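The next block holds one structure in the form of C-alpha coordinates; read it before the comments.
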Amino acid sequence: MQLESDLLLERQKIRRKLVLWRCIACTIFIVSIVTIIAGSSLYKMGRNTDHLVKLKIEGIIGSDVSKQVKLIDDALADKSVKGMILCVNSPGGAVTGGEQLHDAVTRFAKKKPVVVSMGGVAASAGYMISVPANRIFALNSTLTGSIGVIMQAPDISGLLGKVGINVDQLVSGPLKGQPSMIKPLSPQGREMLQGLIENFYDQFVGMVVEGRHMDAAKVRELGDGRPYSGQQAVKNGLIDQIGTEKDAKNWLIQYSKLPSDINVTELKNKKPSKWFSKFVGEMLGDSMNGFIHQIVYKDHENLDGAIAIWNP
(Lines of atoms letter the chains of each structure in order from A and count residues from 1; the text may use other names and numbers.)
(Lines give C-alpha, C1' and ligand atoms only; values in the text may rest on other atoms or scores of the structure.)
Protein backbone atom coordinates (compact mmCIF):
# COMPACT_ATOMS: atom_id res chain seq x y z
CA MET A 1 0.00 0.00 0.00
CA GLN A 2 2.83 2.36 0.87
CA LEU A 3 4.44 1.74 -2.54
CA GLU A 4 1.20 2.53 -4.36
CA SER A 5 0.81 5.75 -2.36
CA ASP A 6 4.35 6.80 -3.20
CA LEU A 7 3.77 6.10 -6.90
CA LEU A 8 0.55 8.11 -6.82
CA LEU A 9 2.30 11.08 -5.20
CA GLU A 10 5.13 10.88 -7.73
CA ARG A 11 2.65 10.87 -10.63
CA GLN A 12 0.88 13.89 -9.19
CA LYS A 13 4.21 15.75 -8.95
CA ILE A 14 5.03 14.91 -12.56
CA ARG A 15 1.59 16.08 -13.69
CA ARG A 16 1.99 19.39 -11.83
CA LYS A 17 5.39 19.91 -13.48
CA LEU A 18 3.93 19.18 -16.91
CA VAL A 19 1.07 21.63 -16.32
CA LEU A 20 3.60 24.26 -15.17
CA TRP A 21 5.78 23.81 -18.25
CA ARG A 22 2.74 23.92 -20.52
CA CYS A 23 1.63 27.17 -18.93
CA ILE A 24 5.12 28.64 -19.35
CA ALA A 25 5.26 27.53 -22.99
CA CYS A 26 1.81 29.02 -23.71
CA THR A 27 2.76 32.28 -22.01
CA ILE A 28 5.98 32.55 -24.02
CA PHE A 29 4.08 31.79 -27.23
CA ILE A 30 1.43 34.43 -26.53
CA VAL A 31 4.02 37.07 -25.58
CA SER A 32 6.00 36.30 -28.75
CA ILE A 33 2.92 36.66 -30.96
CA VAL A 34 1.96 39.95 -29.31
CA THR A 35 5.53 41.25 -29.68
CA ILE A 36 5.65 40.30 -33.37
CA ILE A 37 2.29 41.92 -34.07
CA ALA A 38 3.23 45.09 -32.17
CA GLY A 39 6.62 45.27 -33.91
CA SER A 40 5.01 44.74 -37.28
CA SER A 41 2.48 47.50 -36.60
CA LEU A 42 5.20 49.94 -35.55
CA TYR A 43 7.27 49.00 -38.60
CA LYS A 44 4.33 49.63 -40.93
CA MET A 45 3.66 52.96 -39.22
CA GLY A 46 7.30 53.89 -39.77
CA ARG A 47 7.15 52.81 -43.41
CA ASN A 48 4.25 55.16 -44.03
CA THR A 49 6.28 58.14 -42.79
CA ASP A 50 9.03 59.69 -44.87
CA HIS A 51 12.40 58.57 -43.56
CA LEU A 52 16.00 57.79 -44.46
CA VAL A 53 17.59 54.36 -44.25
CA LYS A 54 21.07 53.38 -43.13
CA LEU A 55 22.93 50.28 -44.22
CA LYS A 56 26.17 49.11 -42.59
CA ILE A 57 28.68 47.10 -44.60
CA GLU A 58 31.31 45.88 -42.15
CA GLY A 59 34.12 43.34 -42.30
CA ILE A 60 35.02 41.08 -45.19
CA ILE A 61 32.57 41.18 -48.09
CA GLY A 62 31.61 37.59 -48.90
CA SER A 63 30.55 36.05 -52.19
CA ASP A 64 26.91 35.77 -51.08
CA VAL A 65 25.50 39.25 -50.42
CA SER A 66 21.94 38.44 -51.45
CA LYS A 67 20.51 39.53 -48.07
CA GLN A 68 22.12 42.97 -48.25
CA VAL A 69 21.09 43.36 -51.88
CA LYS A 70 17.48 42.56 -50.97
CA LEU A 71 17.54 45.17 -48.20
CA ILE A 72 18.69 47.79 -50.71
CA ASP A 73 16.14 46.79 -53.36
CA ASP A 74 13.30 46.71 -50.82
CA ALA A 75 14.26 50.20 -49.61
CA LEU A 76 14.30 51.40 -53.21
CA ALA A 77 10.77 50.08 -53.73
CA ASP A 78 9.52 51.77 -50.53
CA LYS A 79 8.12 55.19 -51.49
CA SER A 80 8.54 56.51 -47.94
CA VAL A 81 12.34 56.02 -48.13
CA LYS A 82 13.87 59.29 -49.30
CA GLY A 83 17.55 58.39 -49.30
CA MET A 84 20.22 56.08 -47.94
CA ILE A 85 23.28 56.47 -45.72
CA LEU A 86 25.76 53.73 -46.60
CA CYS A 87 28.26 53.17 -43.80
CA VAL A 88 31.29 51.26 -45.08
CA ASN A 89 33.97 49.82 -42.84
CA SER A 90 35.48 47.01 -44.89
CA PRO A 91 38.85 46.09 -46.39
CA GLY A 92 37.03 44.48 -49.31
CA GLY A 93 36.50 40.85 -50.17
CA ALA A 94 35.06 38.78 -53.01
CA VAL A 95 34.82 40.49 -56.39
CA THR A 96 31.43 38.88 -57.01
CA GLY A 97 30.02 40.22 -53.73
CA GLY A 98 31.47 43.67 -54.36
CA GLU A 99 30.01 43.73 -57.86
CA GLN A 100 26.52 42.78 -56.68
CA LEU A 101 26.51 45.39 -53.92
CA HIS A 102 27.91 48.01 -56.32
CA ASP A 103 25.11 47.30 -58.79
CA ALA A 104 22.44 47.42 -56.06
CA VAL A 105 23.74 50.78 -54.79
CA THR A 106 23.83 52.03 -58.40
CA ARG A 107 20.18 51.08 -58.91
CA PHE A 108 19.24 52.91 -55.72
CA ALA A 109 21.32 56.00 -56.51
CA LYS A 110 19.69 56.42 -59.93
CA LYS A 111 16.34 57.07 -58.24
CA LYS A 112 17.17 58.21 -54.70
CA PRO A 113 20.24 59.93 -53.23
CA VAL A 114 22.96 57.93 -51.50
CA VAL A 115 25.71 59.24 -49.25
CA VAL A 116 28.63 57.13 -48.04
CA SER A 117 30.26 57.45 -44.64
CA MET A 118 33.56 55.58 -44.51
CA GLY A 119 34.94 54.19 -41.28
CA GLY A 120 38.50 53.15 -40.52
CA VAL A 121 38.88 51.34 -43.83
CA ALA A 122 36.85 51.26 -47.05
CA ALA A 123 39.30 49.79 -49.51
CA SER A 124 39.23 47.64 -52.64
CA ALA A 125 35.74 46.06 -52.85
CA GLY A 126 34.81 48.34 -49.93
CA TYR A 127 35.64 51.28 -52.18
CA MET A 128 33.98 49.59 -55.16
CA ILE A 129 30.57 49.60 -53.47
CA SER A 130 30.99 53.25 -52.46
CA VAL A 131 31.64 54.85 -55.86
CA PRO A 132 27.99 54.98 -57.07
CA ALA A 133 27.07 57.32 -54.19
CA ASN A 134 26.18 60.96 -54.77
CA ARG A 135 28.76 61.97 -52.20
CA ILE A 136 31.46 60.15 -50.23
CA PHE A 137 32.60 61.19 -46.75
CA ALA A 138 35.65 59.74 -44.97
CA LEU A 139 37.75 60.43 -41.92
CA ASN A 140 41.24 61.88 -42.16
CA SER A 141 42.64 58.51 -41.09
CA THR A 142 40.39 56.36 -43.31
CA LEU A 143 42.22 53.96 -45.59
CA THR A 144 40.47 53.80 -48.95
CA GLY A 145 41.20 53.21 -52.61
CA SER A 146 43.37 50.09 -53.11
CA ILE A 147 41.86 49.67 -56.56
CA GLY A 148 42.87 46.24 -57.78
CA VAL A 149 42.17 42.52 -57.87
CA ILE A 150 44.02 39.52 -56.43
CA MET A 151 43.85 35.85 -57.37
CA GLN A 152 45.99 33.50 -55.29
CA ALA A 153 47.10 30.02 -56.37
CA PRO A 154 48.71 28.01 -53.52
CA ASP A 155 51.27 25.41 -54.63
CA ILE A 156 52.24 22.63 -52.22
CA SER A 157 53.90 20.41 -54.82
CA GLY A 158 57.34 21.11 -53.32
CA LEU A 159 56.19 19.97 -49.89
CA LEU A 160 54.58 16.84 -51.31
CA GLY A 161 57.80 15.98 -53.11
CA LYS A 162 59.81 16.27 -49.90
CA VAL A 163 57.57 13.78 -48.11
CA GLY A 164 57.59 11.40 -51.07
CA ILE A 165 54.05 11.98 -52.33
CA ASN A 166 53.43 12.16 -56.08
CA VAL A 167 50.02 13.01 -57.50
CA ASP A 168 49.03 12.26 -61.09
CA GLN A 169 46.51 14.70 -62.53
CA LEU A 170 44.60 13.90 -65.71
CA VAL A 171 43.03 16.86 -67.51
CA SER A 172 41.08 17.33 -70.73
CA GLY A 173 43.20 20.31 -71.77
CA PRO A 174 46.44 22.06 -70.80
CA LEU A 175 44.58 24.85 -68.95
CA LYS A 176 41.91 22.73 -67.26
CA GLY A 177 44.06 22.01 -64.23
CA GLN A 178 45.32 25.58 -63.80
CA PRO A 179 45.78 26.65 -61.07
CA SER A 180 46.46 23.50 -59.06
CA MET A 181 47.73 23.04 -55.52
CA ILE A 182 49.61 19.90 -56.53
CA LYS A 183 51.30 21.17 -59.69
CA PRO A 184 53.35 24.31 -60.37
CA LEU A 185 51.60 26.98 -62.42
CA SER A 186 52.56 26.65 -66.07
CA PRO A 187 53.49 29.67 -68.23
CA GLN A 188 50.23 29.21 -70.16
CA GLY A 189 48.26 29.00 -66.92
CA ARG A 190 49.91 32.13 -65.58
CA GLU A 191 49.06 33.99 -68.79
CA MET A 192 45.46 32.80 -68.62
CA LEU A 193 44.98 33.84 -65.00
CA GLN A 194 46.67 37.19 -65.60
CA GLY A 195 44.17 37.80 -68.39
CA LEU A 196 41.31 37.18 -65.97
CA ILE A 197 42.81 39.54 -63.41
CA GLU A 198 43.24 42.28 -66.01
CA ASN A 199 39.63 41.84 -67.12
CA PHE A 200 38.34 42.13 -63.55
CA TYR A 201 40.60 45.15 -63.05
CA ASP A 202 39.18 46.82 -66.19
CA GLN A 203 35.68 46.32 -64.78
CA PHE A 204 36.74 47.87 -61.46
CA VAL A 205 38.27 50.86 -63.24
CA GLY A 206 35.07 51.27 -65.26
CA MET A 207 33.01 51.39 -62.05
CA VAL A 208 35.21 54.15 -60.64
CA VAL A 209 35.18 56.10 -63.92
CA GLU A 210 31.37 56.00 -64.04
CA GLY A 211 30.75 56.59 -60.36
CA ARG A 212 33.33 59.31 -59.78
CA HIS A 213 33.12 60.92 -63.24
CA MET A 214 36.87 60.64 -63.65
CA ASP A 215 39.11 60.11 -66.63
CA ALA A 216 40.04 56.44 -67.13
CA ALA A 217 43.74 57.25 -67.44
CA LYS A 218 43.62 59.09 -64.12
CA VAL A 219 41.88 56.17 -62.42
CA ARG A 220 44.48 53.72 -63.75
CA GLU A 221 47.23 56.01 -62.52
CA LEU A 222 45.71 56.00 -59.03
CA GLY A 223 44.62 52.38 -59.21
CA ASP A 224 47.91 50.56 -58.75
CA GLY A 225 46.64 48.77 -55.64
CA ARG A 226 47.86 51.27 -53.06
CA PRO A 227 45.58 52.58 -50.30
CA TYR A 228 45.10 56.30 -49.66
CA SER A 229 44.32 58.21 -46.49
CA GLY A 230 41.13 60.23 -46.34
CA GLN A 231 43.07 63.45 -46.95
CA GLN A 232 44.92 61.97 -49.92
CA ALA A 233 41.67 60.57 -51.36
CA VAL A 234 40.04 64.01 -51.25
CA LYS A 235 42.96 65.56 -53.11
CA ASN A 236 43.01 62.96 -55.86
CA GLY A 237 39.21 62.89 -56.28
CA LEU A 238 38.48 59.40 -55.02
CA ILE A 239 36.19 60.82 -52.31
CA ASP A 240 34.46 64.17 -51.84
CA GLN A 241 34.83 65.37 -48.28
CA ILE A 242 36.28 64.75 -44.82
CA GLY A 243 33.51 64.22 -42.30
CA THR A 244 31.70 61.90 -39.92
CA GLU A 245 28.51 59.92 -40.33
CA LYS A 246 26.65 62.87 -38.82
CA ASP A 247 28.11 65.15 -41.49
CA ALA A 248 27.04 62.68 -44.16
CA LYS A 249 23.50 62.60 -42.77
CA ASN A 250 23.29 66.40 -42.64
CA TRP A 251 24.50 66.64 -46.24
CA LEU A 252 21.87 64.15 -47.38
CA ILE A 253 19.13 66.07 -45.57
CA GLN A 254 20.19 69.36 -47.13
CA TYR A 255 20.68 67.81 -50.56
CA SER A 256 17.20 66.25 -50.51
CA LYS A 257 15.60 69.27 -48.77
CA LEU A 258 14.23 67.11 -45.95
CA PRO A 259 13.31 68.06 -42.35
CA SER A 260 16.31 68.15 -40.03
CA ASP A 261 14.57 65.79 -37.58
CA ILE A 262 13.72 63.15 -40.18
CA ASN A 263 13.90 59.62 -38.85
CA VAL A 264 16.70 57.26 -39.89
CA THR A 265 15.93 53.53 -39.92
CA GLU A 266 18.78 51.04 -40.02
CA LEU A 267 18.35 48.21 -42.50
CA LYS A 268 18.92 44.85 -40.82
CA ASN A 269 18.23 41.25 -41.67
CA LYS A 270 15.79 39.67 -39.27
CA LYS A 271 17.30 37.00 -37.03
CA PRO A 272 15.53 34.38 -34.91
CA SER A 273 14.95 35.55 -31.36
CA LYS A 274 17.67 34.40 -28.97
CA TRP A 275 15.16 33.66 -26.23
CA PHE A 276 14.44 30.38 -28.01
CA SER A 277 18.01 29.10 -27.79
CA LYS A 278 18.21 30.28 -24.17
CA PHE A 279 14.97 28.52 -23.32
CA VAL A 280 16.13 25.26 -24.94
CA GLY A 281 19.54 25.62 -23.30
CA GLU A 282 17.97 25.85 -19.84
CA MET A 283 15.90 22.76 -20.50
CA LEU A 284 18.48 20.62 -22.31
CA GLY A 285 21.78 21.99 -21.06
CA ASP A 286 24.48 24.42 -22.16
CA SER A 287 25.91 21.99 -24.71
CA MET A 288 22.65 21.99 -26.70
CA ASN A 289 22.45 25.78 -26.38
CA GLY A 290 25.94 26.09 -27.84
CA PHE A 291 25.01 23.74 -30.66
CA ILE A 292 21.96 25.81 -31.58
CA HIS A 293 24.05 28.98 -31.49
CA GLN A 294 26.54 27.47 -33.94
CA ILE A 295 23.82 26.31 -36.32
CA VAL A 296 21.42 29.26 -36.18
CA TYR A 297 23.44 32.36 -35.41
CA LYS A 298 27.00 31.83 -36.65
CA ASP A 299 27.61 33.74 -39.85
CA HIS A 300 29.90 32.14 -42.39
CA GLU A 301 31.56 34.26 -45.03
CA ASN A 302 32.79 32.60 -48.20
CA LEU A 303 35.54 33.97 -50.36
CA ASP A 304 35.94 32.12 -53.63
CA GLY A 305 37.38 33.19 -56.96
CA ALA A 306 39.06 36.56 -57.42
CA ILE A 307 39.11 38.94 -54.48
CA ALA A 308 39.38 42.72 -54.22
CA ILE A 309 40.80 43.25 -50.76
CA TRP A 310 43.38 45.42 -49.04
CA ASN A 311 45.90 43.06 -47.49
CA PRO A 312 48.35 44.93 -45.22
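Just so we're aligned: 22 in the numbering used here is position 22 of the sequence shown, and the numbers increase by one with no gaps anywhere.
Each residue gets a CB set at the ideal place from its N, CA and C atoms; glycine is no exception.
Here the structure is a predicted model, which is why all the values come from computation and not from measurement.
- Straight-line spacing of the CA atoms in GLY164 and LYS183 works out to 14 Å.
- Taken through DSSP and simplified to helix, strand or coil, HIS102 comes out as helix.
- For secondary structure counted as the alpha helix (DSSP H) over 4 or more consecutive residues, the segment 245–269 holds these complete runs in sequence order: 245–256.
- With a beta-carbon spacing of about 3 Å, ILE61 and GLY93 fall inside the 8 Å limit used to define contacts.
- If you draw a straight line from the Cα of ASP224 to the Cα of TYR127, it comes to about 14 Å.
- Residue pairing by DSSP puts ILE57 in a beta bridge opposite VAL88.
- Rounded to whole angstroms, the separation of the alpha carbons of TYR228 and VAL209 is 17 Å.
- Taking a cut-off of 8 Å on C-beta distances, the segment 63–77 does not touch the segment 236–255, as fewer than three cross pairs fall below it.
- Spatial neighbours of LEU222 in its own chain (CB-CB distance under 6 Å, excluding positions within 5 residues in sequence) are listed in chain order as ASN236.
- Taking the CA atoms as reference points, VAL88 sits about 12 Å from ALA133.
- At a cut-off of 3 residues, the continuous stretches assigned as beta strand (DSSP E) that sit fully inside the segment 120–148 are 135–138 and 143–145.
- Contact between the segment 100–116 and the segment 185–197 is absent: fewer than 3 CB-CB pairs across the two stretches fall below 8 Å.
- Separation of the CB atoms of LYS82 and LEU258 is rounded to 6 Å, and the pair is thereby assigned contact status at 8 Å.
- Residue nearest to ILE262 within the set LEU252, LYS270 and LEU55 is LEU252 (criterion: CA-CA distance).
- Taken through DSSP and simplified to helix, strand or coil, SER172 comes out as coil.
- Residue pairing by DSSP places SER229 opposite LEU143 in a beta bridge.
- Scanning its chain for C-beta atoms nearer than 6 Å, with the 5 sequence neighbours on each side dropped, one finds around GLU266 the residues LYS54, in chain order.
- If you draw a 10 Å sphere on the C-beta of GLY206, you find fewer than 16 other C-beta atoms in it, and that means exposed.
- In the structure shown, GLN241 falls within a strand segment according to DSSP collapsed to helix, strand and coil.
- By the 16-neighbour rule on beta-carbons within 10 angstroms, GLY211 is buried.
- Taking all protein chains shown into account, TYR255 has fewer than 16 neighbouring C-beta atoms within 10 Å of its C-beta and is therefore exposed.
- With respect to the C-alpha of GLU99, the residue from TYR201, PRO179, THR27 and ILE30 having the closest C-alpha is TYR201.
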